[in-house]
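What follows is one structure encoded as structure tokens, with my remarks underneath.
Residue numbers (our numbering): 17 to 270.
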């Protein structure tokens with residue numbers, strides 16, 4: 017079967033909301049309705065179609081890397097994105113980046129909004145653990161807190177799935193096939209140059225988010241709010257559209 021067309025179903029699943037076929041699949045394979053990612057794999061009795069989709073996620077395959085890293089969860093108010101599985105630190109899910117903290121967490125399958133609360137218009141993280149941390153575990157905990165502090169929570173926007181290989185954030189069969197057929201397609205190695213400990217971790221994480229286009233500027237908010245954001249101008253200079261490039265490279269006040 018055509019891999020690019022199968023990948024389209026992975027995308028449709030993540031953006032299907034309450035579509036009947038999505039609810040049927042979730043009921044059959046025990047996946048939660050709120051999940052954005054296609055994380056159910058099916059069993060030996062699965063249909064040929066499910067087995068074909070499952071083959072896209074064969075460990076180490078090019079399609080697996082392309083799907084896991086090309087389809088990114090954009091966190092809004094944290095109602096769908098799972099903290100440990102859907103939020104990444106340089107292509108790595110948090111449960112793999114911080115395995116010790118993950119093991120000690122009381123809630124391992126909660127959405128982002130289950131790990132904090134709003135206090136005077138500021139988001140406060142609250143990751144509850146089963147026991148106090150030892151000294152050697154504190155370094156991993158502090159690093160996790162630095163990463164979480166760089167996640168922008170927006171109470172008015174729902175979480176969404178984005179395809180990073182299209183400028184509009186939407187998946188297309190053509191763009192998937194283009195990446196798949198490109199023999200030189202590899203994950204960006206810029207991160208190997210970035211995480212050198214030269215500057216504080218918080219600065220490194222923010223630079224990483226900026227390079228990946230994951231900073232919540234108005235252009236990105238507009239894209240995932242169905243165009244309902246009326247004012248797209250830069251909040252600082254008010255002269256141009258607030259994009260990542262404008263805000264960090266061209267704005268006279270930044």
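From the three backbone atoms N, C-alpha and C, an ideal C-beta is built for every residue, glycine too.
Please read these numbers as outputs of a predicted model, since none were measured by experiment.
- Secondary structure note for residue 119: it is in no beta strand (DSSP E), and the uninterrupted alpha helix (DSSP H) holding it is 115-120.
- For the pair residue 221 and residue 105, the CB atoms are nearer than the 9 Å cut-off.
- Scanning its chain for C-beta atoms nearer than 8 Å, with the 5 sequence neighbours on each side dropped, one finds around residue 251 the residues 234, 258, in chain order.
- Between the alpha carbons of residue 223 and residue 24 lies a distance of about 31 Å.
- Residue 111 and residue 264 have their alpha carbons spaced roughly 31 Å apart.
- The C-alpha of residue 267 lies about 11 Å from the C-alpha of residue 249.
- Of the other Cβ atoms in all chains shown, fewer than 16 fall within 10 Å of the Cβ of residue 154; this residue is therefore exposed.
- In the DSSP assignment, residue 139 forms a beta bridge with 134.
- Judged by beta-carbon spacing, residue 179 lies beyond the 9 Å limit of residue 171, meaning their Cβ atoms are not closer than that value.
- Where residue 177 is concerned, the enclosing beta strand (DSSP E) starts and stops at 176-179.
- For the set 151, 117, 44, 129, the Cα lying nearest the Cα of residue 98 is the one of 129.
- Taking the CA atoms as reference points, residue 96 sits about 15 Å from residue 123.
- Under the three-state reduction of DSSP output, residue 103 falls in the coil class, being neither helix nor strand.
- Under the criterion of beta carbons closer than 8 Å, residue 19 and residue 79 qualify as touching, at roughly 6 Å.
- Where residue 39 is concerned, the enclosing alpha helix (DSSP H) starts and stops at 36-45.
- The Cβ atoms of residue 139 and residue 133 sit closer than 9 Å to each other.
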